[in-house]
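>
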Amino acid sequence: MIKVENVEMWGFEHAIRGMRNPMNSWNKSDSIKCYANANCQGICRNNLCGMCIGKNDLDLMRRLYKAGPEHRKYLRQIFVSMDITAPLYWWKETDTYKVGTTSNSCSTMHRIHAKKFTLDDFSHEHLYDVPKQKLRDLIEELNYCRAVYLKTKDKNDWWQMIQLLPSSYNQRRTITMSYENVVNIINQRSGHKLDEWNVFVEELKRLPYIKEITE
Numbered sequence: 000m001i002k003v004e005n006v007e008m009w010g011f012e013h014a015i016r017g018m019r020n021p022m023n024s025w026n027k028s029d030s031i032k033c034y035a036n037a038n039c040q041g042i043c044r045n046n047l048c049g050m051c052i053g054k055n056d057l058d059l060m061r062r063l064y065k066a067g068p069e070h071r072k073y074l075r076q077i078f079v080s081m082d083i084t085a086p087l088y089w090w091k092e093t094d095t096y097k098v099g100t101t102s103n104s105c106s107t108m109h110r111i112h113a114k115k116f117t118l119d120d121f122s123h124e125h126l127y128d129v130p131k132q133k134l135r136d137l138i139e140e141l142n143y144c145r146a147v148y149l150k151t152k153d154k155n156d157w158w159q160m161i162q163l164l165p166s167s168y169n170q171r172r173t174i175t176m177s178y179e180n181v182v183n184i185i186n187q188r189s190g191h192k193l194d195e196w197n198v199f200v201e202e203l204k205r206l207p208y209i210k211e212i213t214e
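For the record, in the sequence shown the residue sitting at position 75 is 74 according to numbering that gives the first Met the number 0, with numbers rising by one throughout.
So, in structure tokens, the structure goes:
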């Protein structure tokens, strides 16, 4: 499973201004700030990005995008932040996109014992009945180890939870990335074996102007 929440964006205004610096073509820029602006064209997706991008700017964005990473530097100046809850096996694969991204996670080191483990703390939607029961048994063992640790505060008892925790455990992280990261993930992870990647790709495709820039 994967859940994406609290999406925020910034950077369109200075990215558009900067992409016109090489040709000194600022006078051709036709985008406007669009926080509930009456002239909004609707593409900005409920004012999430704060800009209504004009025809001239969008045309240049598309041409620079098609010209390749060395020309579409403006994408690295547009940022999106979101809260993602996903299993550890998915988070391991996101390391590929560590360049230009920042994330803060809920801490398994410090807070693994904060609450009892439940089945919903783990991704289990594809498990058959027998493996799911084994996961329940493991959760019972984790809760036993937790109860022991809460009594003893012994680091050796804490280790029992840390090393027993499966990669299906769902962790929440707040991640910030650029639009360059976004388009790379869409291009490289569409049709992936993991459902989580396909769901995440669809979430990214809904971000303001992603479709219009990359079509």
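Here a beta-carbon is modelled for each residue, glycine too, at the ideal position from N, C-alpha and C.
1. What does the alpha-carbon distance come out to for the pair Pro-68 and Lys-131?
2. Since I believe Ile-83 is in contact with Ile-174 (beta carbons under 8 Å), could you give me their beta-carbon distance rounded to a whole number of angstroms?
3. Based on Cα-Cα distance, which residue from Glu-211, Val-181, Arg-205 and Trp-25 lies nearest to Thr-95?
4. Check for me: the beta strand (DSSP E) holding Thr-101 runs from which residue to which?
5. Between the beta-carbon of Cys-51 and the beta-carbon of Ile-31, is there less than 7 Å?
6. According to the Cβ coordinates, are Tyr-73 and Ala-14 closer than 7 Å?
7. May I ask you to report which of helix, strand or coil DSSP gives Cys-51?
8. Tell me the rounded alpha-carbon separation between Thr-101 and Arg-172.
9. Which stretch, first to last residue, makes up the beta strand (DSSP E) that contains Ala-146?
10. In whole angstroms, what separates the C-alpha of Cys-113 from that of Leu-203?
11. Using the beta-carbon count (16 or more within 10 Å), is Gly-10 buried or exposed?
12. Hey, out of Arg-19, Arg-75 and Glu-7, whose CA is closest to Asn-183's CA?
13. Compare the Cα-Cα distances from Ser-177 to each of Asp-56, Gln-159, Ile-209 and Leu-126 and report the closest residue.
14. I'd like to know whether the C-beta atoms of Leu-134 and His-123 end up nearer to each other than 7 Å.
15. Ignore the nearest five residues each way along the sequence and tell me which others in Ala-85's own chain have a CB closer than 6 Å to its CB.
16. Express the C-alpha separation of Tyr-143 and Ser-167 in angstroms, rounding to a whole number.
17. CB-CB under 7 Å to Asp-56, same chain, minus the five flanking residues each way: which ones, in chain order?
18. Which of helix, strand or coil does DSSP assign to Tyr-208?
19. Note down the Cα distance separating Lys-150 from Met-81, rounded to an integer number of angstroms.
Reading it off the structure:
1. To locate residue 68, count along the sequence shown from 1; it is residue 69. To locate residue 131, count along the sequence shown from 1; it is residue 132. Their Cα atoms are separated by approximately 45 Å.
2. Residue 174 sits at position 175 when you count from the first residue of the sequence shown. Residue 83 sits at position 84 when you count from the first residue of the sequence shown. Yes, they are in contact, since the Cβ atoms of Ile-174 and Ile-83 sit about 6 Å apart, within 8 Å.
3. What you label residue 95 is simply residue 96 of the sequence shown in a count that begins at 1. Of the listed residues, the one whose Cα sits closest to Thr-95 is Val-181.
4. Looking up residue 101 in the sequence shown gives position 102. Taken as a continuous stretch (DSSP letters only), the beta strand (DSSP E) holding Thr-101 covers 101–104.
5. Numbered from its first residue, the sequence shown carries residue 51 at position 52. Numbered from its first residue, the sequence shown carries residue 31 at position 32. For Cys-51 and Ile-31, yes; Cβs fall inside 7 Å.
6. Translated into the one-based positions of the sequence shown, residue 73 becomes position 74. Translated into the one-based positions of the sequence shown, residue 14 becomes position 15. Result yes, Cβ atoms of Tyr-73 and Ala-14 sit closer than 7 Å.
7. Your numbering for residue 51 matches position 52 in the sequence shown. Three-state result, Cys-51: strand.
8. Along the sequence shown, read from residue 1 onward, the residue named residue 101 stands at position 102. Along the sequence shown, read from residue 1 onward, the residue named residue 172 stands at position 173. The alpha-carbon atoms of Thr-101 and Arg-172 are separated by roughly 10 Å.
9. In the sequence shown, counting from the first residue as 1, residue 146 sits at position 147. Ala-146 -> not in any beta strand (DSSP E); alpha helix (DSSP H) instead, spanning 128–151.
10. Against the sequence shown, residue 113 aligns to sequence position 114. Against the sequence shown, residue 203 aligns to sequence position 204. It should be pointed out that residue 113 corresponds to Ala in this sequence rather than to Cys. Rounded to whole angstroms, Ala-113 to Leu-203 spans 32 Å at the Cα level.
11. Residue numbering aside, residue 10 sits at position 11 when the sequence shown is read from its first letter. The residue in question, Gly-10, is buried, as its Cβ has 16 or more Cβ neighbours within 10 Å.
12. Locating residue 183 in the sequence shown gives position 184, counting from the first residue. It is Arg-75 whose Cα lies nearest to the Cα of Asn-183.
13. Stepping through the sequence shown from its first residue, residue 177 is reached at position 178. Measuring from the Cα of Ser-177, the nearest candidate turns out to be Ile-209.
14. Indexing the sequence shown from 1 puts residue 134 at position 135. Indexing the sequence shown from 1 puts residue 123 at position 124. Going by C-beta atoms, Leu-134 is nearer than 7 Å to His-123.
15. Within the sequence shown, numbered from 1, the residue matching residue 85 stands at position 86. So the list reads Ile-1 and Glu-195, once near-sequence residues are dropped.
16. Here residue 167 is taken as the residue at index 168 of the sequence shown, counted from 1. Here residue 143 is taken as the residue at index 144 of the sequence shown, counted from 1. Those two C-alpha atoms are separated by around 19 Å.
17. Counting from 1 along the sequence shown, the entry for residue 56 is found at position 57. Around Asp-56: Ile-15, Ser-28, Asp-29 and Ser-30.
18. Within the sequence shown, numbered from 1, the residue matching residue 208 stands at position 209. Reduced to three states, the DSSP call for Tyr-208 is coil.
19. Numbered from its first residue, the sequence shown carries residue 150 at position 151. Numbered from its first residue, the sequence shown carries residue 81 at position 82. Rounded to whole angstroms, Lys-150 to Met-81 spans 37 Å at the Cα level.
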